Amino acid sequence: MERRRTQLLKGVLDMCMLKILAAGDCYGYEITKKLQAQGLELAREGSIYPLLARLEKAGFVDSYLVRSREGPNRKYYRLSVAGREQLSDWEREWVEFYRSVNQIIGGGSDGRDANGN
Numbered sequence: 038m039e040r041r042r043t044q045l046l047k048g049v050l051d052m053c054m055l056k057i058l059a060a061g062d063c064y065g066y067e068i069t070k071k072l073q074a075q076g077l078e079l080a081r082e083g084s085i086y087p088l089l090a091r092l093e094k095a096g097f098v099d100s101y102l103v104r105s106r107e108g109p110n111r112k113y114y115r116l117s118v119a120g121r122e123q124l125s126d127w128e129r130e131w132v133e134f135y136r137s138v139n140q141i142i143g144g145g146s147d148g149r150d151a152n153g154n
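Numbered by my numbering, the letters in the sequence shown go through residues 38 to 154 in order.
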């Protein structure tokens, strides 16, 4: 069960991170905590940074350093214009995907559930 949940999470994590950044700039640990606060406990700080690097390389996020009084500088991430456009596309695709899957598991067009009842 845990492995399957991890696979499902990886498929939507990029979209969720862009959505968090749409609300404002954040550093990696902050993004992790926000994901976990929304029930995505499997999101770990160690897995977030490679995803952020990939999103930055794709041009969906930008980063900048901010001095910290409590240790090393913090790397903040912000959503780019391309990231906003991508987020909009992913949200639309997610809604369509969700509706299709929900139709199957919640009952088909004939009103029956997945067990034929």
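Using N, Cα and C, we set each Cβ at its ideal position, and we do this for glycine too. Please read these numbers as outputs of a predicted model, since none were measured by experiment.
Within 10 angstroms of its Cβ, does F97 collect 16 or more other Cβ (buried), or is it exposed? buried
Quickly, what does DSSP pair R111 with across the bridge? List them, please. V103
Cβ of D99 within 7 angstroms of Cβ of R115? yes
Residues near I68 in its chain [Cβ-Cβ closer than 7 angstroms; skip 5 each side]: M54, I57 and I85
With a 10 Å radius around its C-beta and 16 neighbouring C-beta atoms as the bar for buried, classify L50 as buried or exposed. buried
Identity of the residue in G65, E78 and N110 nearest E93 by Cα: G65
Burial state of G76, where buried means 16 or more other Cβ atoms lie within 10 Å: exposed
Is it buried or exposed for S102, if we count other Cβ within 10 angstroms and need 16 for buried? According to the sequence provided, residue 102 is Leu. The question's Ser does not apply to it. It is exposed - the Cβ of L102 has fewer than 16 other Cβ atoms within 10 Å.
Please name the residue, chosen from G144, L89, G83 and N110, that lies closest to M52 on a Cα-to-Cα basis. L89
If you count every other CB in all the chains shown that lies within 10 Å of the CB of G108, and 16 or more means buried, which is it? exposed
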